[in-house]
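Residue numbers (the working numbering): 61 to 552.
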RNA sequence: CGGGAUGUGGCGCAGUUGGCUAGCGCACCUGGUUUGGGACCAGGGGGUCGAGUGUUCGAGUCACUUCAUCCCGACCA
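Below, the structure is given as structure tokens:
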């Protein structure tokens, strides 16, 4: 039988697409650019959601929900914001269908035209700030620290499962503060939460940094981000946290009475991560055998496959494996007993590897007799016998090791693909090889645009916690002075 | 919206210069033998060839139109 997954090395895009489909994560839908997230894929997303949500709660945030539809006029209140999103909005113009008078089927009822068109939210700043206006009168009403879990629509020209779909799931935090300092602190705090989540749960090494002016969120004064590197050397923006200044407060006239009795505009932030994180997870760790899930996000951490002959022996195995399962559950480890009788064990091995389950136990009569189980690690593909005695504790320890190993491997890869480049000639050669290029840049939007035009490389971020190189040098493109290096890369 | 390609059972494909009953692999169903790395044997079901028009005695195959999808650009979390 042919391999389910094509080789990463042959065609990274095709490999990625096949993997997503074969591992039962998602598939394209009948609607252009949209995606069906299948139960297994959604289970991973739910793990992410729950972890992120608890981290948001721990930092004082609460959840709320705002409308899907945004009056067109709201979007245009903030000039840069509308410019950034206008080209990719889905617009609702009518509210009723009718029978086609000239044939069969239905047509849009021309009499049901909306007075004002509604935009399906590409992001919720405008509708939320229009709401916050009513919530905020005094400094005593601040801060407001809300998050919403929602879907948004951005009508992209070209889509790719998880990484860029016309509709996607995400969370968006929107906060309101009395002072700029407090809002900036919030922006920094939340990008820190994202970095923590990416590193410790997704096992994804990320660089925290500032976006350049050209890459900044439409309407923000500053955008902080986490940037990751995929196994093909391309960069992926995995999360953003924006300091919005008073732009939205001014656009929606949100003022509050300060302690001194004067009126001030509110300071705002917004921050979000999306199902794109699923794409990052898949592309960062998977190999040619399929998905590799970090234990912290694996819906199933341990799968047990019985080896048996006949009903009677299967029943015995079930009983034996259930005891192992109970011990695992007692330590908070999720497991699955794959007792399907209609597929062979070899098939099961391959299938669970494809789905990225971190640990597999194979148990047959000869293991029981010897007081061992066969244990296979997904991350290293090693397998060997482990004593039945103390098995659950051993696995608990092992899951931590696997989590760390996956992170270390990704980090080592990223470091190996990151290098300093000092001349324009060298830059043009190196960018073709992929990876992060640490370069001096004169800080201008124009230079960044020209470099992008000529090489398709963008400034991923001005790093603040990894690859920080504060040194004077000359811009690789213009030769003008520069005080630090920034990260250039091609990106998704 | 520009450049390129592809549409044939659920999926992946073959189908020579138009020709007879449209094939193959995987998957599926039935029976049996198997079961420690994606089993094997036998039997079986399922497609009018993206859609439309035309040329022809005859079209999966040729022409035109149209739709859809994918890739490369522009756009992007």
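Ideal Cβ placement from N, Cα and C applies to all residues, glycine included.
key: Continuous beta strand (DSSP E) stretch holding residue 324: start and end   = Here residue 324 refers to the residue found at position 264 of the first chain. Residue 324 -> beta strand (DSSP E) spans 323 to 325.
query = Shortest alpha-carbon distance to residue 499 belongs to which of 521, 506, 514, 505?
reply = For this step, residue 499 is matched to residue 439 along the first chain. The residue with the shortest Cα to Cα distance from residue 499 is 521.
ask   = What residues in its chain sit with their C-beta under 7 Å from that of residue 273, if we drop five residues either side in the sequence?
value = Residue mapping note: residue 273 aligns to position 213 of the first chain, counting from 1. Closer than 7 Å at the Cβ level, and outside the excluded window around residue 273, lie 505.
key: Beta-carbon proximity check, residue 112 vs residue 267, cutoff 8 Å   = As a first step, residue 112 must be located in the first chain, where it is residue number 52. As a first step, residue 267 must be located in the first chain, where it is residue number 207. No, Cβ-Cβ distance for residue 112 and residue 267 is not below 8 Å.
task = On the DSSP bridge assignment, give the partners of residue 249 in chain order.
result = On the first chain, residue 249 is found 189 positions in, with the first residue counted as 1. According to DSSP, residue 249 bridges with nothing at all.
ask   = In chain order, what residues of the same chain lie with their CB nearer than 6 Å to the CB of residue 535, ignoring the 5 residues before and after it?
value = In the first chain, residue 535 corresponds to position 475, counting from 1. So the qualifying residues of the chain are 500, 501, 502, 542.
key: residue 454 - DSSP class collapsed to helix/strand/coil   = Against the first chain, residue 454 aligns to sequence position 394. DSSP places residue 454 in helix when its eight states are reduced to three.
query = Which residues share a DSSP beta bridge with residue 231?
reply = As a first step, residue 231 is located in the first chain; it is residue number 171 there, counting from the start. According to DSSP, residue 231 bridges with 209, 333.
query = In the structure shown, what three-state DSSP assignment does residue 63 receive?
reply = Here residue 63 refers to the residue found at position 3 of the first chain. Only weak support exists for where residue 63 lies, its pLDDT of 37 falling under 50; the value from the coordinates is given anyway. Coil.
For residue 384, three-class secondary structure by DSSP = Walking along the first chain from the start, residue 384 turns up at place 324. In the structure shown, residue 384 sits in a helix (DSSP, three-state: H, G or I).
key: Uninterrupted beta strand (DSSP E) stretches inside the stretch 129 to 214 (no shorter than 3 residues)   = 129 to 131, 151 to 154, 157 to 159, 166 to 168, 173 to 180, 204 to 213
ask   = So residue 186 packs on residue 232, CB below 8 Å; how close in whole Å?
value = Position 126 of the first chain, counting from 1, holds the residue named residue 186. Position 172 of the first chain, counting from 1, holds the residue named residue 232. Not a contact, Cβ separation roughly 12 Å.
ask   = Is the stretch 240 to 254 touching the stretch 506 to 517 in the sense that three or more CB pairs, one from each, lie closer than 8 Å?
value = no
request  = Have a look at 549, 81, 490 and flag the residue whose alpha-carbon is nearest the alpha-carbon of residue 519.
outcome  = Residue numbering aside, residue 519 sits at position 459 when the first chain is read from its first letter. Considering only alpha carbons, the answer is 549.
ask   = CB residue 263 to CB residue 208, shorter than 8 Å?
value = The sequence position of residue 263 within the first chain is 203, counting from 1. The sequence position of residue 208 within the first chain is 148, counting from 1. No, these two residues do not count as a Cβ contact at 8 Å.
query = Nearest-angstrom Cα distance between residue 538 and residue 529?
reply = In the first chain, the residue the question calls residue 538 occupies position 478. In the first chain, the residue the question calls residue 529 occupies position 469. If I take the Cα positions, the gap works out to 19 Å.
key: Which residues DSSP lists as bridging residue 77, in chain order   = On the first chain, residue 77 is found 17 positions in, with the first residue counted as 1. Residue 77 is not bridged to any residue.
query = Taking C-beta to C-beta, are residue 356 and residue 236 nearer than 8 Å?
reply = For the purposes of this step, residue 356 is identified with residue 296 of the first chain, where counting begins at 1. For the purposes of this step, residue 236 is identified with residue 176 of the first chain, where counting begins at 1. Going by C-beta atoms, residue 356 is not nearer than 8 Å to residue 236.
inquiry  = Classify residue 62: buried if its beta carbon has 16 or more other beta carbons within 10 angstroms, exposed otherwise.
reply    = For the purposes of this step, residue 62 is identified with residue 2 of the first chain, where counting begins at 1. For residue 62, the predicted model reports a pLDDT of 32, less than 50, meaning its position is unreliable; a value from the coordinates is still stated below. That one is exposed.
query = Taking the continuous beta strand (DSSP E) assigned at residue 100, which residues delimit it?
reply = Here residue 100 refers to the residue found at position 40 when the first chain is read from its first residue. It is not in any beta strand (DSSP E) - residue 100 instead sits in the alpha helix (DSSP H) that spans 99 to 118.
task = Would you mind giving the Cβ-Cβ distance between residue 322 and residue 477, rounded to the nearest angstrom? I have them listed as a contact below 8 Å.
result = To locate residue 322, count along the first chain from 1; it is residue 262. To locate residue 477, count along the first chain from 1; it is residue 417. About 53 Å separates the two Cβ atoms, so there is no contact after all.
request  = Mind checking who residue 347 pairs with in its DSSP beta bridge?
outcome  = As a first step, residue 347 must be located in the first chain, where it is residue number 287. Note: residue 347 sits in a beta bridge opposite 350.
request  = Give every residue of the same chain whose Cβ lies closer than 7 Å to the Cβ of residue 482, excluding the five residues on either side of it in the sequence, and list them in chain order.
outcome  = Counting from one through the first chain, the residue named residue 482 turns up at place 422. Taken in chain order, the residues that qualify are 536.
Cutoff 6 Å; reference residue 300; Cβ partners in own chain excluding five residues on either side = For this step, residue 300 is matched to residue 240 along the first chain. Once the five neighbours on either side are set aside, the close Cβ partners of residue 300 are 283, 285.
Range of the contiguous alpha helix (DSSP H) that encloses residue 425 = Residue numbering aside, residue 425 sits at position 365 when the first chain is read from its first letter. Run containing residue 425: 425 to 430, per the alpha helix (DSSP H) assignment.
message = Less than 7 Å between C-beta atoms, sequence neighbours within five positions excluded: which residues of the same chain meet that for residue 432?
response = Locating residue 432 in the first chain gives position 372, where the first residue counts as 1. Answer for residue 432: 445, 446, 447, 448, listed in chain order.
ask   = Can you list, in chain order, the residues of its chain whose CB lies under 6 Å from that of residue 255, leaving out five sequence neighbours each side?
value = As a position in the first chain, residue 255 is number 195, starting the count at 1. For residue 255, where only same-chain residues beyond five positions count, the Cβ hits under 6 Å are 266, 268, 286.
task = Compute the beta-carbon to beta-carbon distance between residue 455 and residue 393, rounded to the nearest angstrom, for a pair I have assumed lies under 8 Å.
result = Position 395 of the first chain, counted from the start, is the residue given in the question as residue 455. Position 333 of the first chain, counted from the start, is the residue given in the question as residue 393. Between residue 393 and residue 455 the Cβ distance is about 6 Å, and since that is below 8 Å, they are a contact.
task = Below 7 Å CB to CB, which residues in the same chain sit around residue 244 once its five sequence neighbours on both sides are set aside?
result = By 1-based counting over the first chain, the position of residue 244 is 184. So the qualifying residues of the chain are 303.
Three-pair Cβ contact test at 8 Å for the stretch 137 to 157 versus the stretch 166 to 176 = yes
query = Which residues mark the beginning and the end of the alpha helix (DSSP H) in which residue 311 is found?
reply = Locating residue 311 in the first chain gives position 251, counting from the first residue. That run of the alpha helix (DSSP H) goes 307 to 311.
ask   = Of the residues 369, 122, 496, which one's Cα is nearest the Cα of residue 203?
value = As a first step, residue 203 is located in the first chain; it is residue number 143 there, counting from the start. It is 122 whose Cα lies nearest to the Cα of residue 203.
Unbroken alpha helix (DSSP H) run spanning residue 414, endpoints = In the first chain, counting from the first residue as 1, residue 414 sits at position 354. 405 to 414 is the span of the alpha helix (DSSP H), which, as asked, contains residue 414.
ask   = Going by the CB atoms, is the gap between residue 364 and residue 386 shorter than 8 Å?
value = Translated into the one-based positions of the first chain, residue 386 becomes position 326. Translated into the one-based positions of the first chain, residue 364 becomes position 304. No.
task = Output the distance between the C-alpha atoms of residue 370 and residue 116, rounded to the nearest integer angstrom.
result = Sequence index remark: in the first chain, residue 370 carries index 310 (1-based). Sequence index remark: in the first chain, residue 116 carries index 56 (1-based). Whole-angstrom Cα-Cα distance: 51 Å.
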